[in-house]
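Q:
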Amino acid sequence: MPKVLALETSCDESAAAVVSHSDGRLEVLSHRIASQVEEHARWGGVVPEIASRRHVEALPHLIDQALRDAQLPISDLDAVAATVTPGLVGALMVGSVTGRTLAALHDRPFIAIHHLEAHLASVRLEACPPEPPYLVLLVSGGHTELIRVDEAGALDRLGRSHDDAAGEAFDKVARLLGLDYPGGPAIQAAAVDGDVARFALPKGRVSKPEGGYYPYDFSFSGLKTAMLRQVEACRTWDEPLPLADLAASFQQVVVDVLVDRSLRCCSDLGLSTLVMVGGVAANQRLRECMHSRAAQQGVDVHLAPLTYCTDNAAMVGAAALGRLASQSIASSLCLGVSARWALENCAPLYQSNPPF
Ligand code: KG4
Ligand code: ZN
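Residue numbers (this note's numbering): 29 to 384.
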């Protein structure tokens, strides 16, 4: 029964978890998160220097608590894993150095994990995880992508955002509406009693140079500008800003775009399973609409459990156990961190001669 200690520090959540794998099932034995959201909210977004400092302060306690909750000493674990790319370099460095140090001290393999591979693995923490082939909609603060996962686990990116990620659009529009950071949960709360059809907003499309549109790609910058114009127009009215209707109309257009393009992609590719992961996959309206629309089309939907949509270490453990199960794998203790790295190119993270 392989067990790993996993660390996550790529952005503004410090997290540690112990995850095990037995009889084909993953079990989260413990997971701890220290969110820095309140501190960054004061600045309206993540301040990288503050994020790194808070990771340094929080991570040792989180590791200690995670090991105690799991009632396991590090010597009983099979590996130590940490996110090494993509993300804020200073923040990533904290988890990576801590992970490599623990691995060296306890003579355990170190497993470097790509943050998006961890988000993809979060669906395996569901009670009945799906079997590939399937389509994944990965929607977070940094990415909006449609990825096909084949029977062998190989990835093929079929769609992406050409400008803002969906989560970034939530964060920027929340700021425009005077709501707190992170914008996703704030807009979701503000939208509860709002009229989703009050304001007509554009469903951004990406044009092909030869004419027509890329069917599975996204663009949220036009929507953001349309929201800015609408808010400016509302401010000239002799009434308070219709916050609930603005939030609901915005949220609904993002949901419609994500649901439409994902289901169109499933239908074109003949895929009957759709997976949704990442911070924006925590959105209640998106979860409901994806389920109901997919059911009409005969598509089976698997959502990452709510707790594991936003950044956490359990999903890093799930990805590390996936790597361990497929081959006996380890990363070099000389591997550093990188702000960017293609998800399709993870093999070099396990070479003795590291790429960064
Ligand atoms: O996956 P995540 O924690 O970090 C990244 O890898 O980016 O995603 C964070 C993003 C933020 O943009 C946040 O506003 C968004 O996920 N988010 C949501 C919700 N909860 C978090 N967006 C919409 N609705 C939510 N309930
Ligand atoms: Zn993330």
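For glycine and all other residues, C-beta sits at the position ideal for the given N, C-alpha and C.
Which value, in whole angstroms, describes the spacing of the CA atoms of residue 128 and residue 360?
A: One C-alpha to the other measures close to 9 Å.
Q: Give the secondary structure of residue 32 by DSSP, where H, G and I count as helix, E and B as strand, and everything else as coil.
A: The answer is strand: DSSP assigns residue 32 an E or B state.
Q: Are there any heavy atoms of the ligand ZN lying less than 7 Å away from the beta-carbon of residue 168, as far as the coordinates show?
A: Yes, the Cβ of residue 168 comes within 7 Å of a heavy atom of the ligand ZN.
Q: Check the DSSP bridge columns for residue 177 and list the partner residues they point to.
A: Bridge partners of residue 177: 162 and 183.
Q: Taking only runs of the beta strand (DSSP E) that begin and end inside the segment 308-337, which ones reach a length of at least 3 residues, in chain order?
A: DSSP runs (the beta strand (DSSP E)) wholly in the segment 308-337: 328-331.
Q: For residue 71, tell me which candidate among 153, 203, 82 and 144 has the shortest Cα-Cα distance.
A: Nearest C-alpha to residue 71: 203.
Q: For the ligand ZN, is there a heavy atom less than 7 Å away from the beta-carbon of residue 211?
A: Not under cutoff, so the answer is no.
Q: Does the segment 108-128 touch the segment 288-306, meaning 3 or more C-beta pairs lie closer than 8 Å?
A: Too few Cβ pairs lie closer than 8 Å, so no.
Q: Strictly by DSSP, which residues pair up with residue 54?
A: Answer is 49.
Q: So residue 49 and residue 157 are supposed to be a Cβ contact under 8 Å. How far apart are they, rounded?
A: With a Cβ gap of about 12 Å, residue 49 and residue 157 do not count as contacting.
Q: Between 259, 356 and 247, which has its C-alpha nearest residue 272's C-alpha?
A: Ranking 259, 356 and 247 by Cα distance to residue 272 puts 259 first.
Q: Under 7 Å from any heavy atom of the ligand KG4, does the C-beta of residue 74 make it?
A: Not so, every heavy atom of the ligand KG4 lies at least 7 Å from the Cβ.
Q: Under 8 Å: do the segment 338-357 and the segment 246-265 share three or more Cβ pairs, one atom per stretch?
A: No, because fewer than three Cβ pairs between the segment 338-357 and the segment 246-265 fall closer than 8 Å, the two stretches do not touch.
Q: Can you tell me whether residue 246 is helix, strand or coil according to DSSP?
A: Correct three-state label for residue 246: strand.
Q: For chain D, is any of its Cβ atoms less than 8 Å away from the one on residue 189?
A: Protein chains in the displayed structure number just one, and chain D is not present.
Q: Please classify residue 318 as buried or exposed, where buried requires at least 16 neighbouring CB atoms within 10 angstroms.
A: Label assigned to residue 318: buried.
Q: So is the beta-carbon of residue 196 under 7 Å away from any non-hydrogen atom of the ligand KG4?
A: Yes - the ligand KG4 has a heavy atom lying nearer than 7 Å to the Cβ of residue 196.
Q: Does the Cβ-Cβ distance between residue 209 and residue 73 come in under 8 Å?
A: Taking 8 Å as the Cβ cut-off, residue 209 and residue 73 qualify as a contacting pair.
Q: What three-state label does DSSP hand residue 278 in the structure shown?
A: Residue state, collapsed to three classes: helix.
Q: Could you tell me if residue 369 is buried or exposed, where buried requires 16 or more neighbouring beta carbons within 10 angstroms of its beta carbon?
A: Looking at its Cβ environment, which holds 16 or more other Cβ atoms inside 10 Å, residue 369 is buried.
Q: Taking the C-alpha atoms as reference points, what is the distance between residue 351 and residue 216?
A: Rounded to whole angstroms, residue 351 to residue 216 spans 35 Å at the Cα level.
Q: Which residues in the same chain as residue 68 place their Cβ atom closer than 8 Å to its Cβ, once the five residues preceding and following it in sequence are excluded?
A: Contacts found: 40, 74, 75, 78, 79 and 209.
Q: Quick check: the segment 137-152 against the segment 283-293, are there 3 or more CB pairs under 8 Å?
A: Contact between the segment 137-152 and the segment 283-293 is absent, because fewer than three Cβ pairs lie under 8 Å.
Q: Can you tell me which of 134, 164, 162 and 115 puts its alpha carbon nearest to the alpha carbon of residue 141?
A: Among 134, 164, 162 and 115, the Cα nearest to that of residue 141 is on 115.
Q: Pull the bridge partners of residue 138 from the DSSP assignment, please.
A: Answer is 108 and 359, bridged to residue 138.
Q: Using alpha carbons as the reference points, say which of 248, 371 and 338 lies closest to residue 189.
A: Here the closest residue by C-alpha is 248.
Q: Any heavy atom of the ligand KG4 closer than 7 Å to the beta-carbon of residue 310?
A: Within the cutoff, so yes.
Q: Secondary structure at residue 79, three-state DSSP: helix, strand or coil?
A: Helix, per DSSP.
Q: Do residue 228 and residue 34 have their CB atoms nearer than 8 Å?
A: For residue 228 and residue 34, no; Cβs fall outside 8 Å.
Q: Within the same chain, show all residues whose beta-carbon is closer than 8 Å to that of residue 296, passing over the 5 residues directly before and after it, in chain order.
A: The residues are 243.
Q: Using CA atoms only, rank isn't needed, just tell me which of 86, 316, 66 and 282 is closest to residue 196.
A: Of the candidates 86, 316, 66 and 282, the one whose C-alpha sits nearest the C-alpha of residue 196 is 282.
Q: Thinking C-beta only, is residue 94 closer than 8 Å to residue 125?
A: Not in contact: residue 125 and residue 94 (Cβ atoms no closer than 8 Å).
Q: Tell me which same chain residues have a C-beta within less than 6 Å of the C-beta of residue 60, skipping the five on either side of it?
A: If we look at residue 60 and ignore the five residues flanking it on each side, its Cβ neighbours are 44, 90, 93 and 94.
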